[in-house]
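Have a look at the structure below before the remarks.
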Amino acid sequence: MDAPKDYMACLLDHGLYNSAQLLGQFLVSSPSGNTETNSNVKAENLMEGIPSKARNLPMHLLMGKLYRNTRHTRAAVNCYKECLRHCPYALEAITAMAELGSSAKEIISLLPQTPSRSGRALSDHLESGRWLQVEAIVGKNDEALMNFEKARSLDPYVVTYMDEYAMLLKKKSEYPKLNKLVHDLLNIDATKPEVFVALSVFWERKDERGALSYAEKLFYAFANYVPHFGNKSIQIDERHVSGYIMKGNLLLSLNRPDAAAVAFRNAQELKPDLRSYQGLVHSYLAISKVKEALYIAREAMKTMPQSAKALKLVGDVHAKSSSGREKAKKFYESALRLEPGYLGAALALAELHVVEGRNGEAVSLLERYLKDWADDSLHVKLAQVFAATNMLQEALSHYQAALRINSQSEAAKKGLDRLEKLMKGVDPDAP
1 MDAPKDYMAC
11 LLDHGLYNSA
21 QLLGQFLVSS
31 PSGNTETNSN
41 VKAENLMEGI
51 PSKARNLPMH
61 LLMGKLYRNT
71 RHTRAAVNCY
81 KECLRHCPYA
91 LEAITAMAEL
101 GSSAKEIISL
111 LPQTPSRSGR
121 ALSDHLESGR
131 WLQVEAIVGK
141 NDEALMNFEK
151 ARSLDPYVVT
161 YMDEYAMLLK
171 KKSEYPKLNK
181 LVHDLLNIDA
191 TKPEVFVALS
201 VFWERKDERG
211 ALSYAEKLFY
221 AFANYVPHFG
231 NKSIQIDERH
241 VSGYIMKGNL
251 LLSLNRPDAA
261 AVAFRNAQEL
271 KPDLRSYQGL
281 VHSYLAISKV
291 KEALYIAREA
301 MKTMPQSAKA
311 LKLVGDVHAK
321 SSSGREKAKK
331 FYESALRLEP
341 GYLGAALALA
351 ELHVVEGRNG
361 EAVSLLERYL
371 KDWADDSLHV
381 KLAQVFAATN
391 MLQEALSHYQ
401 AALRINSQSE
411 AAKKGLDRLE
421 KLMKGVDPDA
431 P
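Numbering of the sequence shown is given in the numbering used here, commencing with residue 1 and proceeding in unit increments.
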């Protein structure tokens with residue numbers, strides 16, 4: 001029996017659980033001849049010797065991190081849930097759950113909903129940077145944007161998580177706000193990794209190669225500005241994972257899926273979450289590695305069994321082949337049963353209906369979402385379906401609605417241009 005295990009056994013025998021926790025933390029953080037994974041497994045095995053009733057908040061956080069590092073995601077999520085039972089304000093646990101695929105509904109259900117003295121539920125108070133990141137990760141984009149703006153109004157010099165804010169502004173085509181954000185961040189501290197990601201986001205629309213250069217610079221930022229960090233700066237702060245995600249997305253848009261896959265794998269090694277799974281799947285599909293894409297998608301589903309987005313990811317892979325469309329349909333429908341308001345799954349299922357000639361079903365499905373979603377992509381998809389069935393006036397109406405919601409929508413602009421040519425009797429595909 002090796003010395004650490006002897007020490008741990010002795011501490012547990014005497015009920016010194018806090019000391020046992022400190023020993024576990026030491027084993028994780030201290031350098032040794034073992035690989036990092038072996039150190040995590042060893043610490044994990046030792047920590048499991050602490051009786052569940054004796055585990056406090058720091059112990060559950062440590063065990064969640066250990067399970068996460070060794071890819072035991074379901075066990076990690078259970079540990080983070082225990083953290084929230086101990087302390088609903090454990091934002092580290094909330095963030096980790098979101099990154100591992102837990103839905104906003106699931107996370108909020110774990111928080112006390114009884115009003116506090118101020119008359120507000122606890123979930124209403126969580127407007128810190130961590131909660132903003134949670135909203136961004138689980139897809140509550142409008143709420144996240146609103147709270148990012150509140151955070152900046154309270155502290156104009158905040159930089160942490162501003163790369164997430166930049167990505168959301170880009171997604172919503174809020175380019176004037178994105179421009180101001182980048183300008184402000186450069187004046188606050190141009191050496192922060194969040195600033196390089198925000199710059200990359202800003203330049204993506206104008207110059208994808210220029211945007212990629214900023215994403216690349218992120219990984220050398222500290223080497224240039226803080227020499228003693230060297231080239232290992234990316235390993236110092238897990239926040240850099242957003243840089244890899246951004247880099248991967250840019251490489252995909254530049255039709256470099258092999259390089260994109262490397263970036264997404266790097267992101268996954270730092271902190272596996274839904275976005276890195278999605279990026280890897282899309283990269284593999286772009287280079288026709290369907291088996292690899294399906295393996296990653298299934299891994300995401302196993303890792304995040306309660307995530308509608310993970311289910312959709314498996315459906316996306318099956319939808320790539322005509323023989324897999326029925327399976328894709330089942331996965332999209334399962335995602336919608338799990339999260340009825342998930343627009344991404346509805347759009348994917350509608351596209352499947354169109355491919356198989358069920359345009360009426362596609363329209364019926366999409367129109368159910370109109371009352372709850374003011375989303376340009378929803379109107380664009382409806383316009384495309386109507387145009388395909390020669391209902392040109394209805395298509396025109398939806399393209400115009402999409403542009404009212406998002407005047408920068410490239411899909412709506414291109415679709416409208418094509419539709420106007422059709423309505424004039426001109427071949428839209430003519431050179």
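Quick reminder that beta carbons are idealized off the backbone N, C-alpha and C, glycines included.
Nearest C-alpha to Ala374 among Ile405, Val363 and Gly344: Ile405. Taking every protein chain shown into account, the CB of Lys312 has 16 or more other CB atoms within 10 angstroms, so this residue is buried.
About 6 Å separates the beta carbon of Val317 from that of Val281, a gap short enough to meet the 8 Å contact definition.
Using a Cβ distance threshold of 7 Å, Gly415 and Ala383 count as a contacting pair.
For Ser283, the uninterrupted alpha helix (DSSP H) run begins and ends at Leu274 to Ala286, by DSSP. If you draw a 10 Å sphere on the C-beta of Pro257, you find 16 or more other C-beta atoms in it, and that means buried.
Val241 and Leu270 do touch by the CB rule: their CB atoms are close to 5 Å apart, below 8 Å. In this structure, the beta-carbon distance from Ala297 to Tyr342 does not fall below 7 Å. Between the alpha carbons of Lys192 and Val159 lies a gap of roughly 8 Å. A straight-line Cα-Cα distance of about 15 Å links Ile94 and Leu274. In this model, Ser153 and Lys53 are separated by some 43 Å (Cα to Cα). With fewer than 16 other Cβ atoms inside 10 Å of its own Cβ, His183 counts as exposed. Of Glu149, Tyr277, Leu396 and Ala286, the smallest CA-CA separation from Thr303 is found for Tyr277. Cα atoms of Ala96 and Asn78: separation of roughly 11 Å, rounded to the nearest angstrom. Rounded to whole angstroms, the separation of the alpha carbons of Arg368 and Gly243 is 36 Å. By the Cβ-count criterion, Val355 is exposed, with fewer than 16 other Cβ atoms from all chains shown falling within 10 Å of its own Cβ. The beta carbon of Ala328 sits closer than 7 Å to those of Gly315, His318, Ala319 and Leu352, all from its chain and outside the five residues before and after it, given in chain order. DSSP places Ser153 within a helical segment (H, G or I) once states are collapsed to three.
Sequence-distant partners of Ala402 (beyond 5 residues in either direction) whose C-beta falls short of 6 Å from its own C-beta, in its chain, are Asp376, His379, Val380, Ser409 and Ala412.
Taking Lys81 as the centre and dropping the five residues before and after it, the same chain places the C-beta of Leu110 closer than 7 Å to its C-beta, in chain order.
With fewer than 16 other Cβ atoms from the protein chains shown falling within 10 Å of its own Cβ, Arg337 counts as exposed. Cβ contact annotation for Asn249 (same chain, cutoff 6 Å, sequence separation greater than five): none. Taken through DSSP and simplified to helix, strand or coil, Gly315 comes out as helix. If you check the CB distance, Ala259 and Leu252 do not come in under 7 Å. Restricted to the stretch 305-377, not a single beta strand (DSSP E) segment is unbroken, complete and at least 3 residues in length.
Under the three-state reduction of DSSP output, Glu204 falls in the helix class. The criterion of a C-beta distance shorter than 7 Å is not satisfied by Leu370 and Ala350. DSSP, reduced to helix, strand and coil, places Leu111 outside both helices and strands of the structure shown, so it counts as coil. Per DSSP, Gly101 is not a residue of any alpha helix (DSSP H), being assigned neither H nor E. Here the C-alpha atom of Leu199 lies approximately 32 Å from the C-alpha atom of Lys105. Taking the Cα positions, His86 is about 20 Å away from Glu99. In the structure shown, Val158 falls within a coil segment according to DSSP collapsed to helix, strand and coil. In the three-state scheme derived from DSSP, where H, G and I count as helix and E and B as strand, Val426 is classed as coil. For the pair Thr73 and Ala346, the Cα-to-Cα distance works out to about 27 Å. In the displayed model, Asp184 falls within a helix according to three-state DSSP. Taking a C-beta distance under 7 Å as the contact criterion, Ile188 and Tyr157 qualify as a contact pair.
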